[in-house]
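Peer 1:
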Amino acid sequence: MSQSDTHAEHGDTVLGALRPEARVEPESGIISIFNYGRDREGLIPLWVGQGDMPTPKFIYDTTVQSLAAGETFYTYQRGIPEVRQALADYHEGLYRRPFDVENLFVTASGMQAMQIAIQAIAGAGDEVVLSSPAWTNYPAPLRLAGVRPREVPMTFSNGRWNLDLDRFFGAVNERTRAIFVNTPSNPLGTVMSADEMLAIRDFCRERGIWLVADEVYSRFYFGPGSSEGALPPSFLDICDPEERFLAVNTFSKNWAMTGWRVGWLMAPKSMGQVIENLIQYNTSGVAQFMQRACVTALQEGDHFIAQQVAQAREGRDIVCQALRTVPGVQFEEPEGAFYLFFSVDGSGDTEQFARRMVDEIAVGVAPGTAFGPGGEGFMRLCFARSADSLREAVGRMTEWLPSQSR
Numbered sequence: 066m067s068q069s070d071t072h073a074e075h076g077d078t079v080l081g082a083l084r085p086e087a088r089v090e091p092e093s094g095i096i097s098i099f100n101y102g103r104d105r106e107g108l109i110p111l112w113v114g115q116g117d118m119p120t121p122k123f124i125y126d127t128t129v130q131s132l133a134a135g136e137t138f139y140t141y142q143r144g145i146p147e148v149r150q151a152l153a154d155y156h157e158g159l160y161r162r163p164f165d166v167e168n169l170f171v172t173a174s175g176m177q178a179m180q181i182a183i184q185a186i187a188g189a190g191d192e193v194v195l196s197s198p199a200w201t202n203y204p205a206p207l208r209l210a211g212v213r214p215r216e217v218p219m220t221f222s223n224g225r226w227n228l229d230l231d232r233f234f235g236a237v238n239e240r241t242r243a244i245f246v247n248t249p250s251n252p253l254g255t256v257m258s259a260d261e262m263l264a265i266r267d268f269c270r271e272r273g274i275w276l277v278a279d280e281v282y283s284r285f286y287f288g289p290g291s292s293e294g295a296l297p298p299s300f301l302d303i304c305d306p307e308e309r310f311l312a313v314n315t316f317s318k319n320w321a322m323t324g325w326r327v328g329w330l331m332a333p334k335s336m337g338q339v340i341e342n343l344i345q346y347n348t349s350g351v352a353q354f355m356q357r358a359c360v361t362a363l364q365e366g367d368h369f370i371a372q373q374v375a376q377a378r379e380g381r382d383i384v385c386q387a388l389r390t391v392p393g394v395q396f397e398e399p400e401g402a403f404y405l406f407f408s409v410d411g412s413g414d415t416e417q418f419a420r421r422m423v424d425e426i427a428v429g430v431a432p433g434t435a436f437g438p439g440g441e442g443f444m445r446l447c448f449a450r451s452a453d454s455l456r457e458a459v460g461r462m463t464e465w466l467p468s469q470s471r
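66 is the number of the first residue of the sequence shown in the numbering used here; add one for each residue after it.
1) With a 10 Å radius around its C-beta and 16 neighbouring C-beta atoms as the bar for buried, classify Val-79 as buried or exposed.
2) Could you please give the first and the last residue of the uninterrupted beta strand (DSSP E) stretch that includes Leu-301?
3) From the DSSP secondary-structure annotation, give me the bridge partner or partners of Leu-169.
4) Just checking my contact of Arg-381 with Phe-448 at CB under 8 Å: how many whole Å lie between their CB atoms?
5) Report the start-end ranges of each beta strand (DSSP E) in the region 100-181 that is 3 residues or longer and not cut off at the edges.
6) Hey, Tyr-24 and Ala-358 are a contact pair by Cβ (cut 8 Å); roughly how many whole angstroms apart?
7) Distance, Cα to Cα, Gly-190 vs Glu-86?
8) State the Cα-Cα distance for the pair Val-148 and Asp-414, rounded to the nearest angstrom.
9) With DSSP as the reference, please indicate the residues paired to Ser-408 in a beta bridge.
10) If you drop the 5 nearest sequence neighbours on each side, which residues of the same chain put their C-beta closer than 8 Å to that of Gly-401?
11) Quick one: residues in its chain with C-beta nearer than 8 Å to the C-beta of Ile-383, no 5 flanking neighbours on either side, listed in chain order?
12) Apply the 10 Å Cβ neighbour rule to Val-430 and answer buried if 16 or more other Cβ atoms are within range, or exposed otherwise.
13) Which class does Ile-264 belong to by DSSP, given the choice of helix, strand or coil?
14) Suppose you measure from the CA of Met-336 to the CA of Phe-123; what does that come to, to the nearest Å?
15) Please say whether Ile-186 and Trp-112 have beta carbons closer to each other than 8 Å?
16) Mind checking Ala-435: buried by the 16 CB within 10 Å criterion, or exposed?
17) Opposite Ala-243 in the DSSP bridges: which residues?
18) How many Å lie between Ala-362 and Trp-320 at the Cα?
19) In whole angstroms, give me the CA-to-CA distance for Leu-356 and Gly-144.
20) In terms of residues, what are the limits of the alpha helix (DSSP H) holding Leu-230?
21) Please state the DSSP three-state secondary structure of Phe-369.
22) Quick one: any contact between the region 327-341 and the region 308-319, if contact means 3 or more CB pairs under 8 Å?
23) Exposed or buried, which one is Leu-301 when buried takes at least 16 other CB atoms within 10 Å?
24) Excluding the 5 residues flanking Pro-252 on each side, which residues of the same chain have their C-beta closer than 6 Å to its C-beta?
25) Leaving out the 5 sequence neighbours to the left and right, which residues in its chain are closer than 8 Å to Gly-273 when beta-carbon positions are compared?
26) For Gln-373, count neighbouring C-beta atoms within 10 Å of its own C-beta (all shown protein chains included) and say buried if the count is 16 or more, exposed if not.
27) Keeping to the same chain, check which residues put their C-beta closer than 6 Å to that of Val-351; ignore five residues upstream and five downstream.
28) I need the DSSP call for Ala-431, collapsed to helix, strand or coil.
29) Keeping to the same chain, check which residues put their C-beta closer than 7 Å to that of Pro-163; ignore five residues upstream and five downstream.
30) So Ala-264 and Leu-230 are supposed to be a Cβ contact under 8 Å. How far apart are they, rounded?
31) Just curious, the alpha helix (DSSP H) that Thr-315 is in, first and last residue?
32) Is it buried or exposed, Ser-258, if we count other Cβ atoms within 10 angstroms and call 16 or more buried?
33) Ordered along the chain, which non-local residues of its own chain (more than five positions away) have a Cβ less than 6 Å from that of Tyr-160?
34) From the DSSP output, in three-state form, read off Gly-401 for me.
35) Hey, how far is the Cα of Ile-340 from the Cα of Val-277?
36) What is the DSSP secondary structure of Ser-222, reduced to helix, strand or coil?
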């Protein structure tokens, strides 16, 4: 037997000894296309959820100072007091009501905030209801925990995405532990109305199930008549912080800190020790020198957020105006976040279509199939980039796409 055959045999044996949930979970469709094209010369990367601005100096300088001061030891599992207070102040400034530090917990990314929420409220045999298309990092960690995600497909008609709340609520059964809601939406850019939020909150209250809200993109809001600094409707306006309500968030988007991997979780005070334990057993906390930068971001970063939101608004206008002229391209103009979710008539398998875009025009987009059964036939494009970069990207697309539509 050759060495390669031996390695293959051992590999099969090792994989067969894994938990089925881990072994069968597919590769992220976003990461798959990212890995496929990341080294392509001249490629314009619009596939992942980040802009092209690096973390600003006034934020990372704080980390440099903290490192120089020797703040490299274990620290508070819930987050250092300064960052928790800064989070409470930040929310109070946005929502004009008091927030308590005891409801706020610093996590190693927004993704870990979601993981902790799942670990706390659901397990093997349970179910969680969410709409589709949805960010791939919702259903995957649920499945890995043995939880069944019940993905309720939204419908796209007359240029609009629609969530049928009766159908959504109809997916709830005796095994349902929670409803997950993301607004503004990744990947759709849609914003849930205040009436829809009230209906979901009341439904969860009546049935005693958890409501988990992801409002990571709440600062990126371009709804009709919205002014600078305007916020979309929020569950933070209508939910009691002590009810069965969890809110996940991250430093990644607002302050261009995607690579830092720091987020936060808002939860009832009574869960404090449970969440502290889960943080301890997952990561043993977030580095103190990174948290120092987060305090600076929260306290001094509003001007940078405004700059990012202005860039995203301009980016949205650039890509929408360009792609609206291409026959066979359909989309709903985003009201929030920084993504355009668009379809091309006759595109077929969107993963293969995305690979062809990499190969033939050097533009990277994410295939809609990465976002669940509701995303078939669509692609996601991130427009949180410089105007020049986006004009070049959509210029290539508007020349190439008409030949692909049929």
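For glycine and all other residues, C-beta sits at the position ideal for the given N, C-alpha and C. The structure displayed is predicted, hence computed values, not measured ones.
Peer 2: Looking at the atomic coordinates:
1) exposed
2) Note, Leu-301: premise wrong, no beta strand (DSSP E); not H, not E.
3) Met-331
4) 5 Å
5) 169-172
6) Shown here, the chain extends from 66 to 471; a query on residue 24 therefore has no answer.
7) 13 Å
8) 45 Å
9) Gln-395 and Phe-443
10) Thr-248, Pro-249, Ser-250, Gly-254, Thr-255, Val-256, Tyr-282, Ser-283, Phe-285, Tyr-286, Phe-287, Gly-288 and Pro-297
11) Phe-448, Ala-452, Leu-455, Arg-456 and Val-459
12) buried
13) Per the sequence shown, residue 264 should be read as Ala rather than Ile. Helix at Ala-264.
14) 34 Å
15) no
16) buried
17) Val-193 and Trp-275
18) 7 Å
19) Note that residue 356 corresponds to Gln in the displayed sequence, not to Leu. The alpha-carbon atoms of Gln-356 and Gly-144 are separated by roughly 8 Å.
20) 230-235
21) helix
22) yes
23) buried
24) Pro-198, Tyr-404, Phe-406, Phe-436 and Arg-445
25) Arg-309
26) buried
27) Val-171, Ala-173 and Val-327
28) strand
29) Glu-157
30) 6 Å
31) First-last for Thr-315: 310-315, but that is the beta strand (DSSP E), not the alpha helix (DSSP H).
32) exposed
33) Leu-301
34) strand
35) 15 Å
36) strand
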